[in-house]
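Just so you know, we're using numbering that gives the first Met the number 0 here: the sequence shown kicks off at 0 and counts up by one. Glycine is no exception: its CB is placed at the ideal position from the N, C-alpha and C atoms. Structure, as structure tokens:
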Amino acid sequence: MRGKANRYFLLYKPYGVHCRFSAVAGGQNTPTLQSLYNFPKDVYSLGRLDADSEGLLLLTNDSSLNYRLLNPHFAHRRTYWVQVEGVPDAKALRQLYEGVTITVNHKPYHTQPAVEVALLQETPVLPVRYPPVRYRANIPTAWLQLTLTEGKNRQVRSMAAAVGYPVLRLVRIAIEQLRLGTLQPGQVKEISENTVYRALFNRPPFKK
């Protein structure tokens, strides 16, 4: 008798949605993942995005994938578009690339070197955010493309703040070769097991 088939979903998590299925304590009208789509009951999110962050989430009932994707030993790449207040100079970009000291669980933590830190020359094409980002007219903004191999709580925001450039908008656009693509906020796309494993590990699914 065969077990239940694994299922895999890509979601563009909108701004303001909590990365959980159960209701938020004290937040009667706070949207959660379950409010976006009728996911199967055994599906859960691999990794998280803060409520004030947006972008790509992978959801599945494949329990073995949780270890292989989230264990820091495997160093899977996560790529973000990050809008910051101000325009980072070469020194700040180098600090982000080499690693900076942030606070994790109330303790100092020095981040691992980034795979990529790039100052984008053009504003990336993204859906309009609701509510929109609040700008200060006398302060310019810039967009970075940042690829990391770790995902501590609020790490990208903490790293940017550590070098003096607060984050205004944060969108995860890729997990390894799984990409946000043309998904719009709140949209869900179911993909095959083979697609997931090829994109994450460049190989077919592991034998069970």
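Quiz item: How far does the beta strand (DSSP E) with residue 106 in it reach, from first residue to last?
Solution: Here the beta strand (DSSP E) through residue 106 covers 106 to 109.
Quiz item: Terminal residues of the continuous beta strand (DSSP E) containing residue 82?
Solution: It spans 77 to 84 - the beta strand (DSSP E) in which residue 82 sits, taken as one unbroken run.
Quiz prompt | For residue 115, the first and last residue of its enclosing beta strand (DSSP E) | solution = It spans 115 to 118 - the beta strand (DSSP E) in which residue 115 sits, taken as one unbroken run.
Quiz item: Does any CB atom of chain D fall closer than 8 Å to the CB of residue 205?
Solution: Given the protein chain composition of this structure (a single chain), no chain D is represented.
Self-check item: Length at least 3, wholly inside the region 7 to 35: the beta strand (DSSP E) runs in chain order
Solution: Fully enclosed beta strand (DSSP E) runs of 3 or longer: 7 to 12.
Exercise. List the DSSP bridge partners of residue 188.
Key: Residue 188 is bridged to 9.
Quiz item: Roughly how many angstroms lie between the CA atoms of residue 165 and residue 75, to the nearest whole one?
Solution: Residue 165 and residue 75 have their alpha carbons spaced roughly 25 Å apart.
Quiz item: What separation, rounded to the nearest whole angstrom, lies between the Cα atoms of residue 63 and residue 31?
Solution: The straight-line gap from Cα to Cα measures roughly 24 Å.
Quiz prompt | Per-residue burial, residue 12 [other beta carbons within 10 Å of its own, 16 or more giving buried] | solution = Counting C-beta atoms within 10 angstroms of its own C-beta, residue 12 has 16 or more neighbours from the protein chains shown and is therefore classed as buried.
Quiz prompt | Distance, residue 90 Cα to residue 34 Cα | solution = Computed Cα separation, rounded: 43 Å.
Exercise. Quick one: grab the DSSP three-state call for residue 97.
Key: The answer is helix: DSSP assigns residue 97 an H, G or I state.
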